[in-house]
Amino acid sequence: MCLEASPPPSPSVTRRGVLAGAAALAGTVAVSGTAAAAAPSTAAARGDGSPAGGDLVIRGGTLLDPATGEVTENAVVVIGRGTVRAAGREGAVTVPEGAEVLDAHGHWVLPGLVDAHIHLSTAAEARDAVRQGATSARSGSTTFYQDIAVRELARHSPALAPRVTAAGVFVTPDLGDTVLADPDLTPLARLKDGVRSAEALRRVVEVNLARGADVIKTRVNERAGLPEQDPLAQVYSYEQLAEIVAAARRRGKGVLCHSYSERGCHDAVTAGIRSLEHGAFVGERTLVEMRRRGTYFTPTLSAIAGMVDSPNPIIAERGRTYLPLLKRAVLAAHELGVPLAAGTDSSGGTVRPIGREVELMRAAGLSALDAIRTATTGAARLLGTERTVGRLARGYAGDAILVAGDPLSDVTLLKHPTHVVRAGVPA
């Protein structure tokens with residue numbers, strides 16, 4: 017059954033209706049320029065309409081620039097209105113008189129980390145992500161647009177949430193209760209075969225983008241975390257994936273694709289996706305194609321590692337089987353020059369520290385600096401925020417983490433930041 021000819025998604029429900037419901041589900045009222053809970057006063061939205069942000073000086077630590085690998089001892093980072101105004105060695109940077117100072121002596125200072133695949137459905141999850149060092153994030157989709165509501169919360173109260181690149185709702189054959197998320201999706205409930213026709217695929221993409229999604233999330237394989245599903249079974253063909261990509265590109269948006277099998281990975285990459293997610297069985301021919309196209313690889317190693325401890329024997333066995341394969345795929349990708357991005361695939365109320373993903377990148381064979389780059393400069397390029405995120409340099413976001421030691425010697429320190437600063441505000 018195909019969809020009847022239907023008008024474009026209604027713009028009238030974008031903020032007042034759909035997003036209001038999403039905000040309520042997320043535990044915020046981040047709609048129409050308001051935030052549920054006030055962040056500290058230094059982060060309050062300013063009356064002149066400029067973004068929320070605080071003023072802070074981080075002083076005395078060892079500063080690491082992931083872009084260059086440069087290490088600056090006894091460093092000073094000056095943040096004004098949420099943006100880095102200056103960074104360098106003590107004495108070479110002017111510190112504003114009377115500025116609030118965060119003493120970083122004995123610590124290393126890094127830019128806030130980026131979680132390039134996370135499912136943030138509540139305000140509590142968003143706060144937890146920030147406190148664990150993820151000051152920026154790309155959503156892996158939510159059921160009722162909660163990630164868009166969290167993105168709005170982050171813009172007005174940055175200490176409460178990462179800056180979010182939102183994916184909206186999943187483009188998947190069976191939308192389930194997601195058809196209740198939006199009046200423009202409900203007609204899809206009567207499709208006998210689910211969201212598979214070109215018209216239906218385009219419809220979900222168009223509705224997502226009308227509601228404010230920044231990227232589109234789809235799948236080519238079933239899920240590994242559900243024992244009743246076969247993660248090597250393909251749910252969308254190359255042609256269907258190409259339809260999704262084309263619909264997103266018409267609005268200048270990219271697509272991230274949940275993938276496991278080599279055939280599925282290859283179909284997704286050649287269809288033009290922006291990033292391949294999971295990809296345990298990705299093969300050399302697909303990695304070569306990814307390098308040629310500049311397609312990113314977000315392996316979500318920590319999510320696969322977490323399956324090993326599942327009480328369900330099927331899921332646990334998948335974890336034991338997939339993790340070593342995925343580590344080898346990550347190293348092969350890195351050696352071929354495929355860009356990598358760190359993502360935890362956290363969901364369901366449990367937020368894994370993004371530092372754990374960096375740890376597993378290091379365990380896969382990357383150098384410590386290259387592993388850190390997957391959660392800073394590399395992930396920022398994937399999100400299109402490389403000019404504002406991933407470094408602590410003039411003009412970049414005032415997002416930082418402090419760790420109690422040298423992460424180039426021990427990346428596990430990133431799992432437990434001692435301080436997190438979000439847009440100049442201690443989180």
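Take 17 as the starting number for the sequence shown in my numbering and just add one per residue.
Glycine included, each C-beta is placed from N, C-alpha and C at the ideal position.
Asked	Found
Can you tell me the Cα-Cα spacing of Q148 and E402, whole angstroms?	21 Å
Evaluate K208 with the Cβ neighbour count: other Cβ atoms within 10 Å of its Cβ, from every protein chain shown; 16 or more gives buried, anything less gives exposed.	exposed
Please report the Cβ distance between R227 and Y161, rounded to the nearest whole angstrom; I am assuming they are in contact, meaning their Cβ atoms lie under 8 Å.	6 Å
Rounded to whole angstroms, how far is the Cβ of G222 from the Cβ of A263, which I believe are closer than 8 Å?	Checking the sequence shown, residue 222 turns out to be Glu, not Gly. E222 to A263, Cβ: 7 Å. Contact.
Going straight from the alpha carbon of G43 to that of E300, what length do you get?	44 Å
By how many angstroms is the C-alpha of E259 removed from the C-alpha of A103?	46 Å
Under DSSP, the alpha helix (DSSP H) around T393 begins and ends at which residues?	T393 to L399
What I want to know is whether the C-beta of V187 ends up closer than 6 Å to one or more non-hydrogen atoms of the ligand MG.	This structure simply doesn't include the ligand MG, nor any ligand for that matter.
If you pair each beta-carbon of the region 240-249 with each one of the region 273-283, do three or more pairs fall below 8 Å?	yes
Mind checking who R75 pairs with in its DSSP beta bridge?	V92 and D119
Is R75 near V92, with beta carbons less than 7 Å apart?	yes
Report yes if the CB atom of L356 is closer than 7 Å to the CB atom of F297, and no otherwise.	no
On a Cα-Cα basis, can you pick out the residue from A183, A216, D198 and M306 that is closest to P189?	A216
Report the rounded CA-to-CA distance for I388 versus P82, giving the unit in angstroms.	7 Å
Determine the closest residue to L191 out of T434, G280, R212 and S318, with distance taken between C-alpha atoms.	R212
Can you tell me which of A36, A38 and R105 puts its alpha carbon nearest to the alpha carbon of L408?	R105
Are the CB atoms of S291 and R368 nearer to each other than 7 Å?	no
Exposed or buried, which one is A55 when buried takes at least 16 other CB atoms within 10 Å?	Confidence at A55 is low in this model, with a pLDDT of 39, below 50, so the placement of that residue is unreliable and no value is reported for it.
Report the residue ranges of all beta strand (DSSP E) runs contained in full by the region 297-363; include only those spanning at least 3 residues, in chain order.	312-314
Express the C-alpha separation of G85 and P25 in angstroms, rounding to a whole number.	47 Å
Can you tell me whether A287 is helix, strand or coil according to DSSP?	helix
Below 8 Å on the Cβ atoms is my guess for G98 versus G70; work out the distance and round it to an integer in Å.	6 Å
For R62, count neighbouring Cβ atoms within 10 angstroms of its own Cβ and tell me buried if that reaches 16, exposed if not.	Because the pLDDT at R62 is just 42, under 50, the model does not fix this residue reliably, and the point stays unresolved.
With a Cβ-Cβ cutoff of 7 Å, do V427 and R378 count as a contact?	yes
What residue ranges within the region 107-173 form continuous alpha helix (DSSP H) runs of no fewer than 4 residues, ordered along the chain?	139-147 and 162-172
Answer with buried or exposed for E255, where buried requires no fewer than 16 other C-beta atoms within 10 angstroms of its C-beta.	exposed
Quick one: which unbroken alpha helix (DSSP H) runs of 4-plus residues sit fully inside the region 243-276? Chain order, please.	254-265
If we call anything under 7 Å between Cβ atoms a contact, is D361 one with H133?	yes
Mapping the DSSP letters down to three states, classify E238 as helix, strand or coil.	coil
Which first and last residues belong to the beta strand (DSSP E) in which L418 is found?	A416 to V419
Which residue comes first and which comes last in the alpha helix (DSSP H) that contains T390?	A384 to T390
Restricting to Cα atoms, I'd like to know which of D198, P433 and S152 is closest to T392.	S152
Rounded to whole angstroms, what's the CA-CA distance from V130 to S253? Just pull it up for me.	31 Å
Rank S173, P327 and K233 by C-alpha distance to the C-alpha of R265 and give the top, closest one.	K233
From S137, A395, V73 and R438, pick the residue whose C-alpha is nearest to that of T366; which is it?	S137
Are P423 and W124 close, meaning C-beta to C-beta below 7 Å?	yes
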